[in-house]
Each structure stands twice: as C-alpha cells, then as structure tokens.
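Numbered per this note's numbering, the sequence shown spans residues 65 to 341.
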Amino acid sequence: MRSLIGLAVVVTAATLYLYYLSLYLPAGPRRHPQPCPEGRESQQSCDTSGELRRLKFPSDLEELRELSELLQFYKTEHTAYVLLLFCSAYLYKQSFAIPGSSFLNILAGAIFGPYLGLLLACVLTTVGSTMCYLLSQAFGKQHIINLFPEKVSMLQKKVEDNRDCLFFFLLFLRFFPMTPNWFLNMSAPIVNIPIVYFFFSVFIGLLPYNFICVQTGAMLSEVSSLDDLFSWEHLLQLLAIACVALVPGALIRRLSQRRLKLAVQSQNGLDSDKKVQ
C-alpha cells in the first residue's frame, strides 16, 4: 500500500508540474494576423495565434504538425522555455511508461533539427527509461510481478541464460524487442539487471530507432504539405535513413546467432525449445 501511495504522489507532482509549465506560456513573438476565411464574422473568431492554442501531447500526424509549428514559432524568442517544456514532456512519458514517445522523437527533429534533435532524443530516452527503472525498483516490484507473472518469469529465465553476455543480450532486446520497451524498463530491476548495463544498452540499442524518427521529423519540417512527403526525393531519403539505421541491427543479429541463447516464440506468445542457431 505504501508503494502505491508513494507512486501516486510522484505521478501527481510530475503531472502538476508539467500542466503548469504548459499552461503559463510566455508571451510569444508578434505574428501578422491571418486573413479570415470566407463565412467568418470577425477576425477574432479566426485568430490562429499560437498563444491561444492549448498544448497537448500529439496523437496523430496532423496534431504533430500543428504542435511543431507552434513550438517553432515560440522557439524564435523563447528557446530555453521550449527546450525545458520538450525535455519535461519527454521525461514524463518515458518515466511513467506512457506510449507515444515516437511522436516526441519526430517532434525533436522538426523543432531542433537532425543533429541536436537526435542528441536530445537519445539522452532523454536513456534518462527517462532509467527513471522508470528507479521508480519500478522503489515502488512497483511486487505489483509488476502480480500483473505480469508469466512475462516476468520468461524474461528472468532469458536473463539468467545469457548472464555471461548480459550487455550484448540487452542490446539485442532493444534492436529486436521480444518484449515491449516499456515492460523491459519496468521489469529490469526485478530480474536483477544492473543499472549501468541498463543505461548504456538503452542509449546504444535505441539509437537506430531514434535516428529514424528524428530524421523523419526533420524532413517533415521542410515540407509544406503532407503530399510533398511522398515525392520521390523524400521517399528515397526515407529509404536511405532506414538502411543506415538497419546496419547496426543486422550486425547484432548476426553476432547473436553465435553468442546468445534465445528461444523462438510461438504465435501464442509461449516459448518453444528451438534455439537460434
């Protein structure tokens, strides 16, 4: 019971912090008023000023583009605020295992560019996942075991089987997730994965995934409409990005055939006795 209360306090405090940070936006730079579409009664009714929009996590590509435009608009005069808001939102999602970090990776590329965006995505993914690890270690061990007994048991067996090459095994799990990343973050302290191994395996193992998302976001910021994204030029760029990101995974998979003990999962999610040869 104490663990649930402690976790609730942490979640509540983090939520209130993020809410008030997003609520009290600084005064944005002036922008020229947009002409009213036909059929609108007043200019005020069609005001598209970013200051009047409420910030929220994007749930689709259109919302992502709108949020990207708004934050880029604010970034011209409030770079520190936009950086703080983005980092806070990212860590909030990662720490509490909330889906949707891929949208924030894309947003990083759109707002901060391909290089700074990639650095931010890698660092925030690693720090946020480590915070999730620590929260699970402090508050959630028994609850996770009760909620996912079979998954925890399976992961524990795999970790023990590959204890002599544990870091390499963790890299494999990040490149080719046999279990969702959010579950691996929460269950890592339960199955006795050292935090140092965990930290660096997240940073390195999710680098290709972050690279794809950030580069995609940088491309989105350069196109004027979604139709432009499907031009041959941009499709070839996406293909090149995917090929570059897949190279480390191909090397890891080749090496894993020699070193790791991995059971092939059947369609119903249970382990079979067949090993990777």
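No residue lacks a Cβ here, since even glycine has one placed at the ideal position from N, Cα and C.
- Roughly how many whole angstroms lie between the Cα atoms of E105 and L131? In the sequence shown, the residue the question calls residue 105 occupies position 41. In the sequence shown, the residue the question calls residue 131 occupies position 67. The predicted model places E105 with a pLDDT of 43, which falls under 50 and marks its position as unreliable, so this point remains unresolved.
- Report the rounded CA-to-CA distance for P122 versus F167, giving the unit in angstroms. In the sequence shown, counting from the first residue as 1, residue 122 sits at position 58. In the sequence shown, counting from the first residue as 1, residue 167 sits at position 103. Those two C-alpha atoms are separated by around 7 Å.
- Query: Using DSSP with H/G/I as helix, E/B as strand and the rest coil, what is Q98?
  - Reply: Here residue 98 refers to the residue found at position 34 when the sequence shown is read from its first residue. Since pLDDT at Q98 reaches only 47, below the 50 mark, its modelled position is unreliable, and the value read off the structure follows with that caveat. Q98 falls in the coil class under three-state DSSP.
- Message: Only counting the same chain, and skipping five residues up and downstream in sequence, which positions put a Cβ closer than 8 Å to that of C186?
- Response: On the sequence shown, residue 186 is found 122 positions in, with the first residue counted as 1. Result list for C186: F267, L270, L271 and N274, in chain order.
- Residues of its chain near V146, where Cβ-Cβ distance is below 6 Å and the 5 sequence neighbours each way are ignored: The residue labelled residue 146 in the question sits at position 82 within the sequence shown. Counting only Cβ-Cβ distances below 6 Å, and skipping sequence neighbours, we find L135, Y138 and K139.
- Do we get a CB-CB distance below 8 Å when we pair K221 with the residues of chain D? Absence of chain D from the displayed structure is noted, only one protein chain being present.
- Quick one: grab the DSSP three-state call for N226. What you label residue 226 is simply residue 162 of the sequence shown in a count that begins at 1. Coil, per DSSP.
- Can you tell which of R227, T243 and T76 has the C-alpha that lies nearest to the C-alpha of N256? Working through the sequence shown from its first residue, we reach residue 256 at position 192. Here the closest residue by C-alpha is R227.
- Message: I want to know whether the segment 228-239 touches the segment 195-206 - three or more CB-CB distances under 8 Å.
- Response: Contact between the segment 228-239 and the segment 195-206 is absent, because fewer than three Cβ pairs lie under 8 Å.
- Since I believe S265 is in contact with L284 (beta carbons under 8 Å), could you give me their beta-carbon distance rounded to a whole number of angstroms? For this step, residue 284 is matched to residue 220 along the sequence shown. For this step, residue 265 is matched to residue 201 along the sequence shown. 29 Å between Cβ atoms; not a contact.
- Put V255 into one of helix, strand or coil per three-state DSSP. Mapped onto the sequence shown, residue 255 falls at position 191. Coil, per DSSP.
- Item | Pick from T190, V74, I175 and H142 that is closest to A282, judged by C-alpha positions | As a working mapping, residue 282 is identified with position 218 in the sequence shown. If we check each option's Cα against that of A282, I175 comes out closest.
- Task: Would you decide whether N120 is buried or exposed? Buried here means 16 or more other CB atoms lie within 10 Å of its CB.
- Result: Mapped onto the sequence shown, residue 120 falls at position 56. Rather than Asn, the amino acid found at residue 120 in this sequence is Lys. By the neighbour-count criterion, in which a residue is buried when 16 or more other Cβ atoms sit within 10 angstroms of its Cβ, K120 is exposed.
- Message: Can you find the residues in the same chain that come closer than 8 Å, C-beta to C-beta, to L82, ignoring five residues on each side of it along the sequence?
- Response: Locating residue 82 in the sequence shown gives position 18, counting from the first residue. These residues qualify, in order along the chain: S152, A153 and Y156.
- Message: Short of 7 Å in beta carbon distance, which residues of its chain neighbour Q220, apart from the five on each side in sequence? Order them along the chain.
- Response: Start at 1 with the first residue of the sequence shown, and residue 220 comes out as number 156. Here the set comprises V255.
- Starting from T189, follow the alpha helix (DSSP H) in both directions and report where the run begins and ends. Here residue 189 is taken as the residue at index 125 of the sequence shown, counted from 1. Where T189 is concerned, the enclosing alpha helix (DSSP H) stretches over S165 to L199.
- Over the uninterrupted alpha helix (DSSP H) stretch that includes T140, give me the two end residues. Walking along the sequence shown from the start, residue 140 turns up at place 76. Here T140 belongs to no alpha helix (DSSP H), and DSSP marks it neither H nor E.
- Message: the ligand GDP and T189: does any heavy atom of the ligand fall closer than 7 Å to the residue's C-beta?
- Response: Among the ligands in the structure shown, none appear at all, so the ligand GDP cannot be discussed.
- Can you tell me whether DSSP reads Q108 as helix, strand or coil? The count along the sequence shown starts at 1 and reaches residue 108 at position 44. Unreliable placement is indicated for Q108, whose pLDDT of 41 sits below 50; the coordinate value is still reported in the next sentence. Here Q108 sits in helix by DSSP.
- Query: Using CA coordinates, which residue listed in V260, V216 and V278 is at the minimum distance from L43?
  - Reply: Outside the shown range of the chain, which is 65 to 341, sits residue 43, and nothing can be said about it.
- Message: I need the straight-line Cα distance from L85 to S165, nearest angstrom please.
- Response: Against the sequence shown, residue 85 aligns to sequence position 21. Against the sequence shown, residue 165 aligns to sequence position 101. One C-alpha to the other measures close to 19 Å.
- Message: By the three-class DSSP mapping on this structure, what secondary structure does T76 have?
- Response: Here the question's residue 76 lines up with position 12 in the sequence shown. Looking at T76 - three-state DSSP - the assignment turns out to be helix.
- Item | 8 Å Cβ shell around I208 - same chain, five flanking residues per side excluded | Here residue 208 corresponds to residue number 144 of the sequence shown, with the count starting at 1. Within the same chain, I208 has close Cβ partners S200, V216, M250, S251 and I254.
- Starting from M283, trace the alpha helix (DSSP H) both ways and give me its first and last residue. In the sequence shown, residue 283 corresponds to position 219, counting from 1. From DSSP, the alpha helix (DSSP H) with M283 extends over L271 to L284.
- Task: Output yes or no for whether 8 Å exceeds the beta carbon distance between G173 and G181.
- Result: Sequence index remark: in the sequence shown, residue 173 carries index 109 (1-based). Sequence index remark: in the sequence shown, residue 181 carries index 117 (1-based). Contact flag set, yes.
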